[in-house]
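2 protein chains.
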Amino acid sequence: MDKNFNYSNLKLGIIGGGQLGKIMSQKAKKMGFHVTILDPTFNCPAAQVSDKHIMGGFHDKEKLEQLVQETDVTTFELEHVDTSILKELFDNGHIIHPSPYIIELIQNKYEQKKLLDEKGIPVPKYKNVENDEDLSAFGFPVIQKAKMGGYDGKGVQMIKTKADLAYRLPTESFIEELVDIDKELAVIVARNIEGQTKCYPVVEMLFDDRTNICDIVMAPAKISKEVEKKSIEISVKSIEALEGVGIFAVELFLTKKGEILVNEIAPRPHNSGHYTVEACATSQFEQIIRAVTNLPLGSTKLISPAVMINLLGEEGYEGEPFIEGIHDALEIPELSFHFYGKTFTKPYRKMGHVTILDDDIDMALEKAMRAKDILKIKGSKKI
Amino acid sequence: MDKNFNYSNLKLGIIGGGQLGKIMSQKAKKMGFHVTILDPTFNCPAAQVSDKHIMGGFHDKEKLEQLVQETDVTTFELEHVDTSILKELFDNGHIIHPSPYIIELIQNKYEQKKLLDEKGIPVPKYKNVENDEDLSAFGFPVIQKAKMGGYDGKGVQMIKTKADLAYRLPTESFIEELVDIDKELAVIVARNIEGQTKCYPVVEMLFDDRTNICDIVMAPAKISKEVEKKSIEISVKSIEALEGVGIFAVELFLTKKGEILVNEIAPRPHNSGHYTVEACATSQFEQIIRAVTNLPLGSTKLISPAVMINLLGEEGYEGEPFIEGIHDALEIPELSFHFYGKTFTKPYRKMGHVTILDDDIDMALEKAMRAKDILKIKGSKKI
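For the record, the sequence lines run as chains X and A.
In terms of full-length UniProt numbering, the numbers along the first sequence are unbroken and rise by one, the last being 383.
In terms of full-length UniProt numbering, the numbers along the second sequence are unbroken and rise by one, the last being 383.
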């Protein structure tokens with residue numbers, strides 16, 4: 001897509017139709033582009049706001065090919081995708097960003113870590129698990145991670161003692177030292193086709209203890225200038241090592257000793273960047289569209305501090321969602337309410353989020369905690 | 001819709017599928033609502049981002065009835081609508097905001113003006129035109145306005161001399177004194193079902209001389225505290241006089257003598273409030289959804305000064321639009337690009353807009369003027 005390309009006709013394909021695809025599509029539609037979603041679920045969140053929905057799974061080669069053939073550019077809202085047909089199409093000159101080779105690399109958390117390590121990027125100590133003895137190599141406690149398929153705390157577990165080895169993940173995995181974490185940070189990095197990068201502010205993620213799902217995001221993080229600078233440096237270096245085009249979320253550990261280590265990278269918009277919709281000049285969702293369509297990257301300036309909280313399905317409920325507390329929560333000033341339009345809730349499913357703006361980040365956090373107390377996503381059926 | 005209503009199922013109907021309906025729908029979808037658009041045009045901007053499209057005209061009683069029957073709440077992106085069937089449905093208890101009685105009143109600019117005048121709101125001197133002599137009652141020059149159907153400078157003209165009477169609008173009309181305008185201002189007012197109002201900042205509108213279409217909007221307006229206060233006071237009083245629920249744009253004249261007069265009121269989101277998407281805590285488009293669905297009104301706080309410019313179809317072109325300059329324009333920092341997805345351009349048609357944020361409003365204006373110079377909406381056919 002060069003300067004003579006007619007952007008008023010641009011056809012974008014998105015693999016995945018959840019909340020990330022939904023907001024990406026809304027931003028692409030804002031810019032007047034035509035959007036097609038590939039997703040197996042009828043009436044998925046992104047399909048509700050897009051021009052076309054191809055119903056197909058992420059391993060359905062025929063449907064993946066159809067999406068790429070029908071559109072000018074294809075991108076992703078998730079990385080758990082069959083890459084074989086995409087690599088073929090990519091090699092034949094179809095525009096797919098990030099490249100399916102990068103998606104493939106990132107799918108394997110061990111290979112991802114190895115690459116970063118080889119490029120001199122600080123990561124926690126790790127070791128491939130080839131046999132049961134390897135699990136004990138760092139002593140206990142230790143973190144075991146599945147190489148493939150993990151998300152939202154799934155595919156990651158702590159093995160506390162030797163006896164816990166009985167409950168090891170029964171899949172290809174690696175181990176990681178248990179890091180003494182002070183804070184979990186994240187940096188969203190955009191990279192365009194020319195290799196130019198732009199960074200969003202460093203944010204702080206707080207996790208739900210029960211599920212290890214990211215619960216609260218504070219933008220900016222409460223960290224020193226030095227930690228901020230180093231976090232950004234490491235994040236940009238990581239994405240330059242990958243040579244990807246699009247949006248990448250770099251999850252970082254700040255250790256109690258003050259080291260900064262890369263935990264993992266997501267090759268797409270990320271929960272830790274939801275706040276950018278309300279708080280930054282260009283949201284991560286618009287930024288990926290700009291990057292993959294060869295438009296200039298937008299400003300990542302933080303217009304206002306913000307706190308984001310996820311709205312997870314309440315424990316004990318499933319079925320058609322009911323938003324308890326919506327009236328009271330929307331009384332909170334400078335609160336923006338997102339509900340994804342999923343027709344079925346279950347415990348801890350990501351159903352929506354809210355973002356609160358406030359010049360004072362502590363006040364934003366206080367308002368967010370209030371919203372979290374008030375808003376409950378219940379379901380039509382008690383379980 | 002009370003606190004027990006299940007908002008995850010809420011069905012919203014919007015009459016009109018242009019750019020205003022499009023952004024309204026995107027905000028309703030953000031909150032997870034189901035949106036149906038009524039519009040006669042296949043693939044109109046709002047239909048592209050909504051769940052359902054009823055193809056029908058704004059005077060098609062059957063289709064208007066279908067929309068109201070199928071949804072929980074109906075609202076408007078335009079006021080030129082047949083109100084008879086809507087009044088019937090409203091009287092039978094269907095939720096329609098603003099009420100079709102208010103839409104009907106506002107459709108007639110003369111009746112609108114009369115009501116405001118009767119409620120003590122300052123308006124330019126005006127007079128009903130019952131016969132040709134009435135056109136001369138204020139001397140010349142004088143403004144003649146069609147009572148019904150005007151928009152974007154259409155249905156308004158200046159009669160400069162007695163000789164110009166030959167070119168008078170051949171329709172039911174009234175005359176208005178020619179006001180010595182210093183600035184044209186606008187205030188967006190939201191009003192909810194309980195009668196609570198919230199005001200957006202006073203903005204300044206600059207008009208294209210050739211077409212009298214609002215061209216540039218500066219938020220906030222460069223006015224004294226006193227003019228600001230009075231503008232807000234008059235605007236709120238106007239909307240309280242109407243007793244409408246939703247979003248209302250009050251267009252004001254600031255005269256060279258320092259008077260503030262109400263020009264006219266639009267009972268819906270308005271071009272002068274586009275900037276609220278990027279610059280305010282709650283956009284006018286989300287605010288109308290909150291108001292008509294009986295949710296609390298959101299904060300109207302200005303997070304950053306902003307300048308909005310319209311992207312009108314270039315003179316001399318029609319057909320499939322081509323966005324000239326998109327690469328260069330998107331290099332401008334803190335610029336947000338909106339393109340409506342209309343498949344046909346013609347001279348002066350509203351095809352998109354851009355909003356620029358900057359802490360310094362003069363800098364925002366400078367960037368906006370640069371974008372205006374760069375971006376040209378040309379068409380596939382020279383005319």
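Just so you know, even glycine gets a beta-carbon here, dropped at the ideal spot from N, CA and C.
Considering only residues of the same chain and omitting the five flanking positions on each side of residue i, which have a CB-CB separation below 6 Å?
i	result
K11/X	H34, T71 and D72
L261/A	P122, V123, P124 and F253
N294/X	M1 and I193
H270/X	A249
K183/A	E204 and L254
H94/X	V68
S272/X	A186, V203, M205, V217 and A249
V307/X	M218, I356, A364, L365 and A368
E111/A	L105
Going by DSSP, what residue range makes up the alpha helix (DSSP H) through residue i?
i	result
H327/X	I326 to A329
M1/A	No alpha helix (DSSP H) holds M1/A; DSSP gives it neither H nor E.
K372/X	I361 to I374
S336/X	From DSSP, S336/X is part of no alpha helix (DSSP H) but of the beta strand (DSSP E) over L335 to F339.
F285/A	Q284 to V292
I239/A	K225 to L242
A46/A	Unbroken run through A46/A: none, as it is neither H nor E.
E278/X	T276 to A279
If we count the other Cβ atoms within 10 Å of its Cβ and call it buried at 16 or more, is residue i buried or exposed?
i	result
V248/A	The amino acid occupying residue 248/A in the given sequence is Phe; Val does not appear at that position. F248/A comes out buried.
Y151/A	exposed
I289/A	buried
R210/X	exposed
K119/X	exposed
T276/A	buried
G379/X	buried
K367/A	buried
F207/X	exposed
K230/X	buried
G13/X	buried
P170/A	exposed
M24/A	buried
S224/X	exposed
F322/A	buried
T161/A	exposed
I102/A	buried
I37/A	buried
For the beta strand (DSSP E) that residue i lies in, which residues bound it at each end?
i	result
A28/A	Note, A28/A: premise wrong, no beta strand (DSSP E); alpha helix (DSSP H) at Q19 to K30.
A306/A	A306 to L312
E264/X	I260 to A266
I37/A	H34 to D39
D358/A	Element bounds for D358/A: n/a, residue is neither H nor E.
L252/A	G246 to T255
G13/X	K11 to I15
I216/A	C214 to A219
Is residue i near the ligand HEM, judged by its Cβ being under 8 Å from some heavy atom?
i	result
R268/A	This structure does not include the ligand HEM; it has no bound ligands of any sort.
Suppose the cutoff is 7 Å on Cβ atoms and the five residues either side in sequence are ignored; what does the same chain contact list for residue i look like?
i	result
Q66/A	I54
L302/A	P201, A219, P220, A279 and C280
For residue i, which residues in the same chain have their Cβ closer than 8 Å to its Cβ, ignoring the five residues on either side in sequence?
i	result
I96/A	V68, V73, T74, T75, L86, L89 and F90
E240/A	R191, G195 and T197
L165/X	D132, L135, S136 and I159
For chain D, find out if any of its Cβ atoms is closer than 9 Å to the Cβ of residue i; answer yes or no.
i	result
E77/A	Among the chains of the structure shown, chain D does not appear; the protein chains present are X and A.
Residues from the region 44 to 56 of chain A in contact with chain X, defined by Cβ distance under 9 Å: Under the 9 Å Cβ criterion, the region 44 to 56 of chain A contributes P45, Q48, V49, S50 and D51.
Selection of the region 88 to 105 of chain A by Cβ proximity to chain X, strictly under 7 Å: So the list is empty, because no residue satisfies the distance condition.
Interfacial residues, the region 31 to 45 of chain A to chain X, with Cβ spacing under 9 Å: Taking a C-beta cut-off of 9 Å against chain X, the contacting residues of the region 31 to 45 of chain A are M31, G32, F33, H34, V35, N43 and P45, listed in chain order.
Contact list for the region 316 to 328 of chain X against chain A, Cβ threshold 8 Å: For the region 316 to 328 of chain X, the set of residues with a beta-carbon nearer than 8 Å to any beta-carbon of chain A comprises E320, P321, F322, I323, I326 and H327, in chain order.
Residue ranges of each beta strand (DSSP E) within the region 54 to 138 of chain X, 3 or longer: Within the region 54 to 138 of chain X, the complete beta strand (DSSP E) runs of at least 3 residues are 73 to 76 and 126 to 129.
In chain order, each beta strand (DSSP E) run of at least 3 residues that lies wholly inside the region 146 to 204 of chain A: Counting whole runs of 3 or more residues, the region 146 to 204 of chain A contains the beta strand (DSSP E) stretches 156 to 159, 173 to 176, 181 to 191 and 197 to 199.
Contact residues within the region 329 to 354 of chain X, judged by C-beta distance below 7 Å to chain A: Those would be L330, E331, P333, E334, F337, H338, F339, Y340, G341 and G352, in chain order.
Selection of the region 2 to 26 of chain X by Cβ proximity to chain A, strictly under 7 Å: Answer in chain order: K3, N6, Y7, S8 and Q26.
Contact list for the region 290 to 320 of chain A against chain X, Cβ threshold 9 Å: So the close ones are R290, N294, L295, P296, L297, G298, S299, K301, I303, S304 and E320.
Under 8 Å (Cβ pairs) to chain A, residues found in the region 232 to 251 of chain X: Listed in chain order, the positions of the region 232 to 251 of chain X with a beta carbon within less than 8 Å of a beta carbon of chain A would be empty, since no residue qualifies.
Residues from the region 141 to 153 of chain A in contact with chain X, defined by Cβ distance under 7 Å: If the cut-off is 7 Å between Cβ atoms, the region 141 to 153 of chain A has nothing near chain X.
Where the region 363 to 383 of chain X meets chain A: residues whose CB sits under 8 Å from a CB there: Those residues of the region 363 to 383 of chain X placed with their C-beta closer than 8 Å to a C-beta in chain A do not exist.
Near-chain A residues of the region 182 to 198 of chain X - C-beta to any C-beta below 8 Å: If the cut-off is 8 Å between Cβ atoms, the region 182 to 198 of chain X has nothing near chain A.
Under 7 Å (Cβ pairs) to chain A, residues found in the region 249 to 283 of chain X: Listed in sequence order: A281.
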